[in-house]
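S.K.:
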Amino acid sequence: MDITGGEAASTSDQTEIEALVRAFFSAFTTGPDAGARLDDLRRIMLPGATIARTCGLPVEVYDIESFIAPRRTLLTSGDITEFEEWPEPGRIDVFGDIAHWWGAYSKRWRTGGEVHTGRGMKTMSFVRTDDGWRISSAAWDDER
39 MDITGGEAAS
49 TSDQTEIEAL
59 VRAFFSAFTT
69 GPDAGARLDD
79 LRRIMLPGAT
89 IARTCGLPVE
99 VYDIESFIAP
109 RRTLLTSGDI
119 TEFEEWPEPG
129 RIDVFGDIAH
139 WWGAYSKRWR
149 TGGEVHTGRG
159 MKTMSFVRTD
169 DGWRISSAAW
179 DDER
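Add 38 to a position in the sequence shown, counting from 1, and you land on the number used in our numbering.
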């Protein structure tokens, strides 16, 4: 999947960042491996990473643990089913040891027998570490 919005990534940095973007979005999928995908966020994010939600509400800022906990409940409780979220084409900018992804995303889920959909925009910042690129922050806003 090309999430850069243009030609396939031509550098190893962009390829690694694309993989992190996909891993971040794949964490938000119901199913038997939901917990493991959420746990993987700890690997792909810096320990002090922040995640911010706007969505027309007062801004809420999470650390990794406070971000994972309610999503684990949501994705494993059975209240919603068939939830998935995926990136649409976006843009990756790399400069030295910092990078940024900006792009749209879509999501769909079933609750109460009805299918629901949504879209929004996400931004993710990355830093290069001794272990490769890691997400240092993310923020999103959903369409109203």
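C-beta atoms are modelled at their ideal positions from N, C-alpha and C, and glycine is treated no differently.
The model shown is predicted, which means the values in this text are computed figures rather than measured ones.
Sorted by chain position, which residues of the same chain lie with C-beta nearer than 8 Å to Phe105's C-beta, five sequence neighbours on each side aside?
M.R.: Closer than 8 Å at the Cβ level, and outside the excluded window around Phe105, lie Leu79, Ile89.
S.K.: Per DSSP, what kind of secondary structure is Asp51 in: helix, strand or coil?
M.R.: Helix at Asp51.
S.K.: Quick check on the burial criterion: 16 or more other C-beta atoms within 10 angstroms. Buried or exposed for Phe164?
M.R.: By the 10 Å Cβ count, Phe164 comes out buried.
S.K.: If contacts are defined as beta-carbon pairs under 8 Å, then Pro125 and Phe63 qualify, I think. What distance do you get, rounded to the angstrom?
M.R.: Confirmed, about 5 Å.
S.K.: Considering only residues of the segment 40-119, which uninterrupted beta strand (DSSP E) runs meet the minimum length of 3 residues and lie entirely inside it, listed in chain order?
M.R.: List check, beta strand (DSSP E) in window: 83-91, 98-100.
S.K.: Could you tell me the distance, in whole angstroms, from the CA atom of Arg146 to the CA atom of Ala57?
M.R.: Distance between the alpha carbons of Arg146 and Ala57 is about 21 Å.
S.K.: Spell out a yes or no on whether the segment 106-116 and the segment 129-136 are touching, meaning 3 or more CB-CB pairs, one atom from each, closer than 8 Å.
M.R.: Cβ pair count under 8 Å is below three, so no.
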